[in-house]
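Heads up, the thing below is written out as structure tokens.
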Amino acid sequence: MGILIRPLLTEKYTALNNVGKYGFEVALNANKVEIRKAVEKLYGVRVEEVKTMRQIGKSKSRSTRTKVTAGNTQTYKKAIVTVAAGEVIDFYEGI
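See below:
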């Protein structure tokens, strides 16, 4: 399994792209050094800073006709990567 799972392309992260910050969902066991090396290798940019956070899964339940089914959403880790001034990551390049 790779370090970078997918880029985060929400409205909030798209606004951060204008100031050189990019969001990624990363593997739970990935550290900042591994994330930095993976982004630099995959996108060919110089990374200035990496911030990470874990999103803990929430308990969810839903009612069916006969019972209530309970479960959890998945726990995941995300990283906000700041690239050097003047460098850009284009997620839509190959489309």
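All you need for this note's numbering is the position in the sequence shown, starting with 1, plus 141.
The beta-carbon is built from N, C-alpha and C at its ideal position, and this holds for glycine as well.
query: Residue range of the beta strand (DSSP E) that Ala-171 falls in?
result: Taking the sequence shown and counting its residues from 1, the one referred to as residue 171 is at position 30. Ala-171 -> no beta strand (DSSP E), and no H or E assigned at all.
- request: Measure the alpha-carbon distance for Glu-152 versus Val-180 and round it to whole angstroms.
  value: Your numbering for residue 152 matches position 11 in the sequence shown. Your numbering for residue 180 matches position 39 in the sequence shown. Taking the straight line joining both Cα atoms gives about 21 angstroms.
- prompt: If you compare alpha carbons, which of Gly-185, Thr-207 and Gly-164 is closest to Lys-192?
  reply: Locating residue 192 in the sequence shown gives position 51, counting from the first residue. Lys-192 has its Cα closest to that of Gly-164, out of Gly-185, Thr-207 and Gly-164.
message: Taking the alpha carbon of Val-224 as the reference point, which residue from Leu-169, Asn-159 and Ile-144 has its own alpha carbon closest?
response: By one-based count along the sequence shown, residue 224 stands at place 83. Here the closest residue by C-alpha is Asn-159.
field: Arg-177 - DSSP class collapsed to helix/strand/coil
entry: Residue 177 sits at position 36 when you count from the first residue of the sequence shown. Correct three-state label for Arg-177: helix.
- request: Measure the C-alpha to C-alpha separation of Arg-206 and Asn-213 and round it to an integer number of angstroms.
  value: Along the sequence shown, read from residue 1 onward, the residue named residue 206 stands at position 65. Along the sequence shown, read from residue 1 onward, the residue named residue 213 stands at position 72. In this structure, the alpha-carbon of Arg-206 lies about 20 angstroms from that of Asn-213.
field: Start and end residues, beta strand (DSSP E) containing Lys-199
entry: By 1-based counting over the sequence shown, the position of residue 199 is 58. For Lys-199, no beta strand (DSSP E) segment is defined, and its DSSP state is neither H nor E.
message: Measuring straight from C-alpha to C-alpha, what distance separates Val-229 and Val-174?
response: Residue 229 sits at position 88 when you count from the first residue of the sequence shown. Residue 174 sits at position 33 when you count from the first residue of the sequence shown. Val-229 and Val-174 have their C-alpha atoms roughly 20 angstroms apart.
- request: Give the straight-line distance between the Cα atoms of Ala-156 and Lys-219, rounded to the nearest whole angstrom.
  value: On the sequence shown, position 15 is the one that residue 156 refers to. On the sequence shown, position 78 is the one that residue 219 refers to. Cα-Cα distance, rounded: 17 angstroms.
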